[in-house]
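Listed in order, the protein sequences are those of chains A and B. 1456 is the number of the first residue of the first sequence in my numbering; add one for each residue after it. 27 is the number of the first residue of the second sequence in my numbering; add one for each residue after it.
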Amino acid sequence: MTWLAQWAGYLPQMMSGLGVSLLIAGISIAAGYPLGLALSMMVSAKNLAVRTLGLAVVEIGRGAPALVILYLFYYGLPKFGIAFESITAACLALTWNAAAYSSEIMRAGIQSVARGQTEASNALGISQRDTFFRVVMPQGMRSAIPGLMGVAIQMFQGTSLAYAIAVPELMKSAYNIGSQDFNYLQIFALAGICYAVISMPATWITVFFEKRLARHA
Amino acid sequence: MTVSATTDEARASHVGIKLNNISKRYGDHVVLDDVSLNVEPGTVTALIGPSGAGKSTFLRCINLLERPDSGTIRVAGHTIEPGKNVSARDLAALRRSVGMVFQSFNLFPHMTALKNVSFPQQRVLGRSKEEADERSMQLLERVGLKEKAGQHPGRCSGGQQQRIAIARALALDPSIMLFDEPTSALDPEVGLEVLSVMRELAADGMTMVVVTHEMQFARDVSDTLVVMADCKIIEQGDPRAIMSDPQETRTRRFLRAVLER
């Protein structure tokens, strides 16, 4: 009972932290997925320079831990006179992360589209551009949806890293509360529940979509 | 490659297909060895032969889904010589006059039957949605599938999908239709629906080239029978004559296998 009472007291401050976490996740997903699509196209491009650049961005984004990229943006770039606010740095780093991971998922989805689709479109005289954007991509994206939703959940949980550069997100709120009255167990348990309350339904939705797509495949 | 395109539809429809000395290889593996073929406008040519003979590859050279290594292709007023680059624009012009139907239908699964037939018209011919839909409905009716217009391909049987695919190709008003084993993926009974649509098309005077294992269709509908084996055309001529009295041993062996089973 005491825990519930304590939690109720913590909740307002935790909610503002959760809001910041959701905002960062939302921005990095909204910006990361279109960038991911662009990267997936670059990686499959004929032009070697374009392909190499795309590969480099994707491999760094996937190969380096998000925390390293976060630190590079926040602590590293000021060396070149580029300074960001902590929340901006967090959004940028996680956007890169989201773009890199989503690009590979989209590329796999696009590659899974049967070759006959492109051939039929070519045989009809439909332009390369329309063939990609209207025939191949919509089908590829369909099979990429579950994976992309997985990345979205991962991004939301990844916002906890922003704690390390003092962004007032959920973890930071929890830590602040904990450092006032030292009820770390209660407060971090509550933080865990806050993350789970968002992530678990999102996972269920993903599973639902996977089943639906499998049924119509 | 160079394409000299004539937009003169009347002239184009009198040209048919002329393929000269087409060769194609993948590395060391020869697929087509100096193959030539003439198709008169308004005629039906059936391409038969054992698998691996190069029939499909040869058919796909006509609309450049496969690029031959050498030879000349003359299709409905467009002349193409391999060796030089062909612009996307010229390629589109060539493909606009040639419709193609595939063994695996290749309808766009994310579009309804109506959209499958209308979308290429809007994109390739620049028809408005209303014009395109009107034409699509006419064609869907012609292939007996008007009531399937709002369905997605996944909800249609194989035979229905193939007839929609035929309507989709016809919607661009091609002067030539290519069929790549259009009934091979279908149950024999269902294949009949598709064959009857093709018979009607032939009766209407469409220039058709059909790769097929349907010997009955080849005998009854085609004007010219072309037998391919080992990357070459080994025999061609009147279908009844070839089927009753093949000149080549290889043809005889193949026909015995398909006719006397």
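Each residue gets a CB set at the ideal place from its N, CA and C atoms; glycine is no exception.
Assuming contact is defined by CB atoms lying nearer than 8 angstroms, are B:Val-223 and B:Ile-202 in contact in what I supplied?
In the second sequence, residue 223 of chain B corresponds to position 197, counting from 1. In the second sequence, residue 202 of chain B corresponds to position 176, counting from 1. No, Cβ-Cβ distance for B:Val-223 and B:Ile-202 is not below 8 angstroms.
Could you tell me whether the Cβ of B:Phe-280 comes closer than 8 angstroms to any Cβ of chain A?
Here residue 280 of chain B corresponds to residue number 254 of the second sequence, with the count starting at 1. No, its Cβ sits nowhere closer than 8 angstroms to a Cβ of chain A.
Taking the alpha-carbon of A:Ser-1471 as reference, which of A:Glu-1624, A:Asn-1631, A:Phe-1637, A:Ala-1646 has the nearest alpha-carbon?
Sequence index remark: in the first sequence, residue 1471 of chain A carries index 16 (1-based). The option with the nearest alpha carbon to A:Ser-1471 is A:Glu-1624.
Output yes if chain A places a C-beta closer than 8 angstroms to the C-beta of B:Pro-135; else output no.
To locate residue 135 of chain B, count along the second sequence from 1; it is residue 109. Chain A, which has a Cβ nearer than 8 angstroms to the Cβ of B:Pro-135, makes this yes.
With 7 angstroms as the limit, tell me which residues of the stretch 103-126 of chain B have their beta carbon closer than that to any beta carbon of chain A; keep them in chain order.
Correct list: Ala-114, Ala-118, Arg-121, Arg-122, Met-126.
Output needed for B:Val-220: all residues of its chain with C-beta closer than 8 angstroms, excluding positions within five of it in sequence on either side, in chain order.
As a first step, residue 220 of chain B is located in the second sequence; it is residue number 194 there, counting from the start. Gly-185, Gln-188, Arg-189, Ile-192, Pro-208, Thr-209, Leu-212, listed in sequence order.
Listed in chain order, which residues of the stretch 143-158 of chain B have Cβ atoms closer than 8 angstroms to some Cβ of chain A?
Correct list: Phe-145, Pro-146, Arg-149, Val-150.
So what does DSSP say about A:Ala-1545, is it helix, strand or coil?
The residue given as residue 1545 of chain A occupies position 90 in the first sequence. The answer is helix: DSSP assigns A:Ala-1545 an H, G or I state.
Closest Cβ-Cβ distance between A:Leu-1579 and chain B: below 8 angstroms?
Counting from one through the first sequence, the residue named residue 1579 of chain A turns up at place 124. Closer than 8 angstroms to some Cβ of chain B, the Cβ of A:Leu-1579 qualifies, so yes.
In chain order, what residues of the same chain have a beta carbon less than 7 angstroms from the beta carbon of A:Ile-1484, not counting five sequence neighbours either side?
Within the first sequence, the letter at position 29 stands for residue 1484 of chain A. Result list for A:Ile-1484: Ala-1553, Ala-1607, Met-1610, in chain order.
Tell me, please, whether the stretch 1564-1575 of chain A touches the stretch 129-149 of chain B by the rule of three or more beta-carbon pairs shorter than 8 angstroms.
Taking 8 angstroms as the limit for Cβ pairs, the verdict is that the stretch 129-149 of chain B does touch the stretch 1564-1575 of chain A.
Hey, is A:Glu-1574's beta-carbon within less than 8 angstroms of any beta-carbon in chain B?
On the first sequence, residue 1574 of chain A is found 119 positions in, with the first residue counted as 1. With 8 angstroms as the cut-off, A:Glu-1574 counts as an interface residue toward chain B.
Is the beta carbon of B:Pro-67 sitting closer than 8 angstroms to the one on B:Gly-103?
Taking the first residue of the second sequence as position 1, residue 67 of chain B is located at position 41. Taking the first residue of the second sequence as position 1, residue 103 of chain B is located at position 77. Cβ distance not < 8 angstroms, so B:Pro-67 and B:Gly-103 don't count as in contact.
Do you know how far the Cα of B:Ala-139 is from the Cα of B:Val-95?
As a first step, residue 95 of chain B is located in the second sequence; it is residue number 69 there, counting from the start. As a first step, residue 139 of chain B is located in the second sequence; it is residue number 113 there, counting from the start. Correcting the residue identity first, residue 95 of chain B is Asp in this sequence and not Val. Straight-line Cα distance between these residues: approximately 37 angstroms.
Near B:Leu-91, what residues of its chain come up, given a Cβ to Cβ distance below 8 angstroms and the 5 sequence neighbours on each side ignored?
As a first step, residue 91 of chain B is located in the second sequence; it is residue number 65 there, counting from the start. Excluding sequence neighbours, B:Leu-91 sits near Met-126.
Where do the ends of the beta strand (DSSP E) carrying B:Asp-206 lie?
One-based indexing of the second sequence puts residue 206 of chain B at position 180. Looking at the DSSP string, the run of the beta strand (DSSP E) that includes B:Asp-206 is 202-206.
Against chain A, with Cβ distances strictly below 8 angstroms, would B:Leu-128 count as a contact?
Against the second sequence, residue 128 of chain B aligns to sequence position 102. In the sequence as displayed, the identity of residue 128 of chain B is Phe instead of Leu. It does: the Cβ of B:Phe-128 has a partner Cβ on chain A nearer than 8 angstroms.
Would A:Phe-1664 and A:Pro-1601 be called neighbours here (beta carbons separated by less than 8 angstroms)?
As a first step, residue 1664 of chain A is located in the first sequence; it is residue number 209 there, counting from the start. As a first step, residue 1601 of chain A is located in the first sequence; it is residue number 146 there, counting from the start. Against a cut-off of 8 angstroms, the Cβ pair of A:Pro-1601 and A:Phe-1664 comes out as a contact.
From the beta carbon of B:Asn-89, is the nearest beta carbon of chain A less than 8 angstroms away?
Here residue 89 of chain B is taken as the residue at index 63 of the second sequence, counted from 1. Chain A contact via Cβ: present.
Across which residues does DSSP place B:Val-150 in a beta bridge pair?
Residue numbering aside, residue 150 of chain B sits at position 124 when the second sequence is read from its first letter. None; B:Val-150 has no bridge partner.
Using a Cβ-Cβ distance cut-off of 8 angstroms, determine whether B:Leu-227 contacts chain A.
Along the second sequence, one-based indexing puts residue 227 of chain B at 201. B:Leu-227 does not count as touching chain A.
Against A:Leu-1571, what residues of chain B qualify as contacts under a CB-to-CB distance less than 7 angstroms, listed in chain order?
On the first sequence, residue 1571 of chain A is found 116 positions in, with the first residue counted as 1. The question names Leu, but residue 1571 of chain A in the sequence shown is Gly. Phe-128, Ser-130, Asn-132, listed in chain order.
Report the neighbours of A:Pro-1593 on chain B: residues whose CB is nearer than 7 angstroms to its CB, in chain order.
Your numbering for residue 1593 of chain A matches position 138 in the first sequence. Ordered by position in chain B, the residues that pass the 7 angstroms Cβ test against A:Pro-1593 are His-136.
Check B:Glu-286 in the structure and name its three-state DSSP category.
Within the second sequence, the letter at position 260 stands for residue 286 of chain B. The answer is coil: DSSP assigns B:Glu-286 none of H, G, I, E or B.
Whose C-alpha, out of B:Ile-88, B:Val-112, B:Pro-76, B:Val-70, is nearest the C-alpha of B:Asn-47?
What you label residue 47 of chain B is simply residue 21 of the second sequence in a count that begins at 1. It is B:Ile-88 whose Cα lies nearest to the Cα of B:Asn-47.
Considering only their Cβ atoms, is the gap separating B:Lys-81 from B:Val-237 smaller than 8 angstroms?
Reading the second sequence from its first residue, position 211 is the one you call residue 237 of chain B. Reading the second sequence from its first residue, position 55 is the one you call residue 81 of chain B. A contact, by the Cβ cut-off of 8 angstroms.
Should B:Leu-77 go down as buried or exposed, given a rule of 16 or more other Cβ atoms within 10 Å for buried?
Locating residue 77 of chain B in the second sequence gives position 51, counting from the first residue. The sequence shown places Ser at residue 77 of chain B, not Leu. Under this definition B:Ser-77 is an exposed residue.
Compare the C-beta of A:Val-1590 against all C-beta atoms of chain B and say whether one is closer than 8 angstroms.
Sequence index remark: in the first sequence, residue 1590 of chain A carries index 135 (1-based). Answer yes: the Cβ-Cβ gap between A:Val-1590 and chain B drops below 8 angstroms somewhere.
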